[in-house]
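Asks: In our numbering, the protein residues as written are 6 to 168. Quick reminder that beta carbons are idealized off the backbone N, C-alpha and C, glycines included. Keep in mind it's a predicted model, so treat the numbers as computed, not measured. Just dropping this structure here.
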């Protein structure tokens, strides 16, 4: 009876996990938290996660790569903000750094962050920031988007020069 109940709980855990993953891709940590809140036992949670990893439904490396790609392209986030977002979702720091090092679809990688910052500045501030107040606003935009302060200052300098 105990083995039957254990199997039943695992099936329930898998059903809950499939429903949760149906909405969007998740990390192992997010799924572990979700199943824990659903009062699924720790052994069943780990068994469900192992099954989903084996089936290819759960992959933190894939999640990290797609997260980096989406946030760079759609949200114009910098590496610092992307890193914080992935770590907050429970992705290991090794996988985070690996995903950040991957080249963009256009062939560029982390080295193109200055270009992404410049593109954001051109979009948000079509005419180069002339006075200190506008430069401070531009710096705030870049830093909030997760660009390193030094890189942001370089991008603002290039934007002011018209490059």
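Pull up the distance between the alpha-carbon of residue 21 and that of residue 55, whole angstroms please.
Replies: For the purposes of this step, residue 21 is identified with residue 16 of the chain shown, where counting begins at 1. For the purposes of this step, residue 55 is identified with residue 50 of the chain shown, where counting begins at 1. Rounded to whole angstroms, residue 21 to residue 55 spans 15 angstroms at the Cα level.
Asks: To the nearest angstrom, how far is it from the Cα of residue 52 to the Cα of residue 38?
Replies: On the chain shown, position 47 is the one that residue 52 refers to. On the chain shown, position 33 is the one that residue 38 refers to. When rounded, the distance between both Cα atoms is 14 angstroms.
Asks: Could you please give the first and the last residue of the uninterrupted alpha helix (DSSP H) stretch that includes residue 165?
Replies: Position 160 of the chain shown holds residue 165. Looking at the DSSP string, the run of the alpha helix (DSSP H) that includes residue 165 is 154 to 166.
Asks: Would you say residue 85 and residue 151 are within 7 angstroms of each other, going by their C-beta atoms?
Replies: Taking the chain shown and counting its residues from 1, one reaches residue 85 at position 80. Taking the chain shown and counting its residues from 1, one reaches residue 151 at position 146. The answer is yes: Cβ separation under 7 angstroms.
Asks: Nearest-angstrom Cα distance between residue 35 and residue 16?
Replies: Looking up residue 35 in the chain shown gives position 30. Looking up residue 16 in the chain shown gives position 11. Each residue's alpha carbon lies about 19 angstroms from the other.
Asks: So what's residue 48 in DSSP terms, helix, strand or just coil?
Replies: If you number the chain shown from 1, residue 48 lands on position 43. The answer is helix: DSSP assigns residue 48 an H, G or I state.
Asks: By the DSSP assignment, the alpha helix (DSSP H) with residue 132 in it spans what residues?
Replies: Counting from one through the chain shown, the residue named residue 132 turns up at place 127. Element bounds for residue 132: n/a, residue is neither H nor E.
Asks: Considering residue 79, what are the terminal residues of the alpha helix (DSSP H) in which it resides?
Replies: Residue 79 sits at position 74 when you count from the first residue of the chain shown. 65 to 79 is the extent of the alpha helix (DSSP H) around residue 79.
Asks: Less than 7 angstroms between C-beta atoms, sequence neighbours within five positions excluded: which residues of the same chain meet that for residue 167?
Replies: Numbered from 1 along the chain shown, position 162 holds the residue referred to as residue 167. Once the five neighbours on either side are set aside, the close Cβ partners of residue 167 are 133.
Asks: Go through its chain and collect everything with a Cβ distance to residue 94's Cβ below 7 angstroms, but skip five positions before and after it.
Replies: Here residue 94 refers to the residue found at position 89 when the chain shown is read from its first residue. Cβ within range, chain order: 32, 34, 35.
Asks: Assuming residue 18 contacts residue 58 under a Cβ cut-off of 8 angstroms, what Cβ separation, rounded to an integer in Å, is found between them?
Replies: Sequence index remark: in the chain shown, residue 18 carries index 13 (1-based). Sequence index remark: in the chain shown, residue 58 carries index 53 (1-based). Between residue 18 and residue 58 a beta carbon distance of about 14 angstroms is seen, past the 8 angstroms cut, so the two are scored as non-contacting.
Asks: Which residues bound the alpha helix (DSSP H) around residue 38?
Replies: Position 33 of the chain shown, counting from 1, holds the residue named residue 38. Segment 33 to 42, the alpha helix (DSSP H) holding residue 38.
Asks: Report yes if the CB atom of residue 126 is closer than 7 angstroms to the CB atom of residue 156, and no otherwise.
Replies: Here residue 126 is taken as the residue at index 121 of the chain shown, counted from 1. Here residue 156 is taken as the residue at index 151 of the chain shown, counted from 1. In this structure, residue 156 does not lie closer than 7 angstroms to residue 126 by Cβ.
Asks: Starting from the C-beta of residue 105, find all residues in its chain whose C-beta is less than 7 angstroms away, skip the five residues before and the five after it, and write them out in chain order.
Replies: Translated into positions along the chain shown, residue 105 becomes position 100. So the list reads 73, 84, 87, 88, 115, once near-sequence residues are dropped.
Asks: For residue 90, report the span of its alpha helix (DSSP H) as first-last.
Replies: Here residue 90 refers to the residue found at position 85 when the chain shown is read from its first residue. That run of the alpha helix (DSSP H) goes 84 to 93.
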